[in-house]
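Using mature numbering (1 follows the signal peptide of the UniProt record, and there is no 0), the letters of the sequence shown map in sequence onto residues -19 to -1, 1 to 610. Glycine residues also receive a C-beta, built at the ideal position from the N, C-alpha and C atoms. Please read all numbers here as calculations on a predicted model, not as lab measurements. Here is the structure we will look at.
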Amino acid sequence: MYPLQLAIAGAALVASTNAFYLPGAAPHNYQRGEKVELLVNALTPMLSGSADAKLKSLLNYDYYNPKLRFCEPEGGPKSQPGSLGSILFGDRIFNSPYEIKMLEEDGECKTLCLVDDINGEDAKFINDRIREDYALNWLIDGLPAAEMMNDTRSGEVFFDMGFNLGNNKGAFENLPALNNHYDVVLRYHRPSSDTYRVVGVLVWPYSIGGSQTAPPTCNTRNPEPLRLNEDQTQSVRYTYRIMWNESATPWATRWDNYLHIFDPRIHWFSLINSLVIVVFLCIMVSMILLRNVSRDISRYNALDAEDIQEDWGWKLISGEVFRMPKYPLALSVMVGNGAQLFAMVGVTLVFALLGFLSPSNRGSLATVMMVCWTFFGGVSGYVSSRLYATLGGTNRRKNAFLTATILPTLVFIIVFLLNFFLLVAGSSGAVPFGTMVIIVVLWFGISAPLSAIGAYYGLKHGAIRHPVRVNQIPRQIPPGPKYLRPSLAMVLGGILPFGAAFVELYFLMSSLFASRAYYAFGFLALTAGVVILTTATVTILFIYFNLCAEEYRWHWRAFLIGGGSAFWILGYGIFYWISRLSLDSLSSVALYFGYLFLIAILDFLVTGSIGFLAAYWAVRRLYSAIRID
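Structure (structure tokens):
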């Protein structure tokens, strides 16, 4: 039980790092009467509170989209700078006309603006977005505006980021109501007598109809709702109230209210279940290797040279097992790119566990992943070139070129096609041309040269020497059992790694597609470790069975078996689409399946590389332990 207890303690330790902020990030100290800036971000679809709610769109829209008709600041909206990661994930942040001053105008009803010419086309666009459960996203002092929610399972109160554009439930299902009034509650902490810090932003949106030109009252007690008529032009008045609430929450832990885990027992159950699977697999593989393999090795080595006895089992193919596989160039390129992705994920998780990816630094996770991917180009070049030489490949320049370019080109083509759908739909999530240029420069200007340098050092170190000689004439392969066929073995081999990670996969997909924050990096890191061990042990087990069946073409089989979890990820993605999504537009469907396909490809490369390298290590150890005449 000690390893299990140690893993649980480690999960508790790393899961508690969510309050640790990026070094150098300092709180903003406000003085009474100082301006507090409210920034607006893109509108995003959200999952409503009901358990059977489905996500109805995957498109983001600019807050200042001409059809939304929100109040604009004097002089026009000004874009705020953002990181590479935040831009890639759809953040489009602008200033706003809201006037907020620290601890002033508490509870005062204020008119933001009067929009008096909303026509039927704009009204239909707004109503469609309300029906699709779109949310407004504001930022104040780096904190997202949120609605206060109650977790019905745990009873805990938390802040759900974003708030509804309007109401389309119940009586508003046919003709939704637009929220045009906002009660904004700013929670502040006072570290000293004359210093104030923002530690929470809550918004209660209301729909207030009636005359839009009369003096505002901001009466939120059973108001007449505001419905936009799609057959005529009408006016909308936007109002707001700022209320101040002193809080005992210090600035360092202000994100704790936002970063809420729904039913953490699910994470623990998944983690413990995965650990049990890994322990079971390790015991199984250990029994096979220690009992069967050790017995075979002793029996092989005990034979005298004068004994005339035919070899059997996996020793029978000792002269074939290191024969060059088909398409060694493709295999080495895929393993090299998988090693680069593995290094990127590992370093990113380390940064996340150490608290360097603060949630207040928007897009930091994606930015670190992009930077790590770029600077780990040398890893792919080194692994691919050395493996290619080991497999007997001779076209070294072609190997180095394809390793540096094939995966970035494939990813860029997929992203370009998805970007086209976003542009056609008028979504703000479309990546700007300048950002595309930066990505191309990173990949082909930095990563590719580093990959070439890695390939040079890989060739300099040369091929890995095989422990046994390869026969000149290939041996005939007898028919093997059906479950060892590559396609079936890939499906069977991917079940356990996928089973160890499918719970965290649900939360990751909800974060990616439903705009929910994910920060349980402690659970994610332990789950990743379990997946690595499971993938390696399952692949070794299947390759051992193949060798015992005198099937020496194990190279591609090891990669396919290791990457088998990608097949199950695709299947789970289809299940998630059926159960949690209700997408009507072609752009949303293309976006979802494009991202799903990209996730499956990257998973296939990473887990396939893990499986191949684990199998290669096991095969070398196996045939190094016997005496070959």
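A residue is called buried once 16 or more other Cβ atoms fall within 10 Å of its Cβ, and M471 is buried on that count. In the same chain as S313, and ignoring 5 residues on each side of it, the C-beta atoms closer than 7 Å to its own belong to S365, L368, Y369, L372, G374 and N380, in chain order. Between S339 and R73, the beta carbon gap of about 21 Å keeps them out of contact (Cβ cut-off 8 Å). Annotation for T220: the continuous beta strand (DSSP E) segment containing it runs Q215 to E227.
Counting other Cβ atoms within 10 Å of its Cβ, W598 stays below 16 and is therefore classed as exposed. In this model, I542 and L522 are separated by some 10 Å (Cα to Cα).
Counting only runs of 4+ residues, the alpha helix (DSSP H) found wholly inside the segment 474 to 512 occupies 476 to 494, in chain order. In this structure, the alpha-carbon of G407 lies about 30 Å from that of T92. Ranked by how close their Cα comes to the Cα of Y11, the residues I121, L24 and F332 have I121 in first place. The beta carbon of R218 sits closer than 6 Å to those of L95 and Q193, all from its chain and outside the five residues before and after it, given in chain order. Here R202 is not near G181, since their CB atoms are 8 Å or more apart.
Here DSSP, grouped into helix, strand and coil, assigns Y163 to strand.
DSSP places I99 within a strand segment (E or B) once states are collapsed to three. Our two residues, I264 and V349, have alpha carbons roughly 37 Å apart in a direct line.
Taking a cut-off of 8 Å on C-beta distances, the segment 59 to 69 does not touch the segment 137 to 146, as fewer than three cross pairs fall below it. Annotation: P389 is outside any beta strand (DSSP E); the continuous alpha helix (DSSP H) that includes it extends over R377 to A406.
Between the C-alpha atoms of K16 and I81 there is a straight-line separation of about 6 Å. Beta-bridge partners of H442 (DSSP): none assigned.
The shortest CA-to-CA distance from E154 to any of R178, N160 and R112 is the one to R112. Straight across, the Cα-Cα distance linking L330 with F357 is about 15 Å. Secondary structure at V360: helix, using DSSP grouped into helix, strand and coil.
Approximately 15 Å separates the beta-carbon atoms of V422 and I68; this is outside 8 Å, ruling out the contact.
Our two residues, L240 and L335, have alpha carbons roughly 17 Å apart in a direct line. Annotation: W535 to K463 spans about 15 Å, alpha carbon to alpha carbon. By the beta-carbon neighbour count (other beta carbons within 10 angstroms, threshold 16), F106 is buried. Boundaries for Y576: no beta strand (DSSP E) harbours it, while the alpha helix (DSSP H) harbouring it runs L567 to S605, taken from the DSSP string.
Per DSSP, the beta-bridge partners of I121 are L19 and L124. For S267, DSSP records no beta bridge to any residue. I189 and G151 have their C-alpha atoms roughly 17 Å apart. For T176, the enclosing beta strand (DSSP E) stretches over residues T176 to Y187.
Out of E86, G57 and F70, the CA that lies nearest to the CA of S77 is found in G57.
With contact defined as three or more Cβ pairs closer than 8 Å, the segment 466 to 482 and the segment 306 to 325 are not in contact.
With contacts defined by Cβ atoms closer than 8 Å, V484 and V302 do not form a contacting pair. For M142, the enclosing beta strand (DSSP E) begins and ends at V138 to M142.
Here I559 is exposed, its C-beta having fewer than 16 other C-beta atoms within 10 Å.
As computed with DSSP, G147 is found in a beta bridge with L159.
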